[in-house]
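Worksheet: one structure, shown below.
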Amino acid sequence: MKDMIEFSQHFIQGLWFGSDALLQLPNFTNDEVKTYKRILKDHQIIEGSIHTFCKLEADKRAKLGLFGDDAAKLAQLEEVA
Numbered sequence: 010m011k012d013m014i015e016f017s018q019h020f021i022q023g024l025w026f027g028s029d030a031l032l033q034l035p036n037f038t039n040d041e042v043k044t045y046k047r048i049l050k051d052h053q054i055i056e057g058s059i060h061t062f063c064k065l066e067a068d069k070r071a072k073l074g075l076f077g078d079d080a081a082k083l084a085q086l087e088e089v090a
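Below you can see the structure in the form of structure tokens.
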């Protein structure tokens, strides 16, 4: 049953098994996920989940420097985060 639920979630969200959940967010690519996780590692933050990312305040997410500081992409992200 668990496998069916996981398959359904991945199918609906357009992810493969093993894909990072951050890829569900607008404009996130594998490169952006790597950048985000590197930034967290540099600040000694272990938990790099989508929940951690969404808990950050908007100004802190903006300061991460994701998307090459593209304001339009950041705005799209803020609509869902």
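In the working numbering, the protein residues as written are 10 to 90.
Built from N, CA and C at the ideal position, the CB exists for glycine as well.
message: Contact defined as beta carbons within less than 8 angstroms: I believe Ala30 pairs with Ile59. What is the distance between those atoms, to the nearest angstrom?
response: The residue labelled residue 30 in the question sits at position 21 within the sequence shown. The residue labelled residue 59 in the question sits at position 50 within the sequence shown. Rounded, the Cβ-Cβ distance is 4 angstroms, consistent with contact.
Same chain, Cβ closer than 8 angstroms to Gly74, neighbours up to 5 away in sequence not counted: On the sequence shown, position 65 is the one that residue 74 refers to. Closer than 8 angstroms at Cβ, skipping near neighbours: Thr44, Ile48.
8 angstroms contact criterion, which Lys69 and Phe76 should meet: CB distance rounded: In the sequence shown, residue 69 corresponds to position 60, counting from 1. In the sequence shown, residue 76 corresponds to position 67, counting from 1. With 8 angstroms as the limit, Lys69 and Phe76 do not qualify as a contact, their Cβ atoms being about 15 angstroms apart.
- request: Answer yes or no: do Asn36 and Leu86 have a C-beta to C-beta separation smaller than 8 angstroms?
  value: Taking the first residue of the sequence shown as position 1, residue 36 is located at position 27. Taking the first residue of the sequence shown as position 1, residue 86 is located at position 77. Yes; because the gap between Cβ atoms is below 8 angstroms, this pair is in contact.
- prompt: So is Leu34 buried or exposed if we call it buried at 16+ other beta carbons inside 10 Å?
  reply: Residue numbering aside, residue 34 sits at position 25 when the sequence shown is read from its first letter. Buried is the call here.
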